[in-house]
Every structure is written in structure tokens, then in C-alpha cells.
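Scroll down for the structure; my scribbles are underneath it.
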Amino acid sequence: MVHAACEYFFSAKGFRRLEAHIVEENQRSIKVAKRAGFAFECIREKFAEEDNVRRDFHIYSKNGP
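Using the working numbering, the letters of the sequence shown correspond one by one to residues 50 to 114.
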């Protein structure tokens with residue numbers, strides 16, 4: 050499903066780059082991003098607040114063809 054979505058955005062919509070911003074605790078989504086070919090870029094410390102807690106986010110990206 051993620052592969053199909055990436056292909057759609059690259060080919061039909063002309064996107065050149067996709068990013069995934071994933072909260073550090075969401076290991077399943079991190080695994081999905083890696084399997085879909087997204088590359089790890091960095092950790093954004095205390096990037097966003099959720100439930101009154103500042104959370105770290107892992108940033109992954111994938112470049113189009």
C-alpha cells in the first residue's frame with residue numbers, strides 16, 4: 050500500500066520527494082517507512098507536543114525517480 054502511494058505521488062502528481070515524520074515511539078511505522086525505501090535523515094528533538102509532552106520525531110525521506 051505504501052509503495053503504491055509513493056508511486057502515485059511520484060508519477061501522477063509529480064512529487065520529487067516524500068517525507069515521513071514519525072514519533073519515536075511508533076516503531077511499527079518506522080519499520081513500514083524503511084521497508085518502503087525511505088532513508089533515515091535525522092531525529093528532531095522535542096519536535097511536537099502530544100498529550101502535553103514534547104516528543105522526538107524520526108524523519109525519513111524518499112526521492113522520486
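Beta carbons are placed, not taken as given, at the ideal position from N, Cα and C, and that holds for glycine.
Secondary structure of residue i, DSSP reduced to three states
i	result
F106	strand
Distance between residue j and residue i (C-alpha atoms, nearest Å)
i	j	result
A97	A53	28 angstroms
D100	S78	19 angstroms
S110	E56	14 angstroms
R93	A61	30 angstroms
P114	H107	23 angstroms
Beta-carbon proximity list for residue i, same chain, < 6 angstroms, skipping 5 on both sides
i	result
N112	R66
Contact set for residue i: own chain, Cβ-Cβ below 7 angstroms, skip 5 residues either direction
i	result
V51	V81 and A85
Reference residue i; option with closest CA among the options
i	options	result
A3	E68, E74, P114 and C55	Residue 3 is absent from the structure shown; the chain starts at 50 and stops at 114.
> Going along the chain, which unbroken runs of the beta strand (DSSP E) with 3 or more residues stay wholly within the region 50-104?
Replying inline: 66-72 and 88-99
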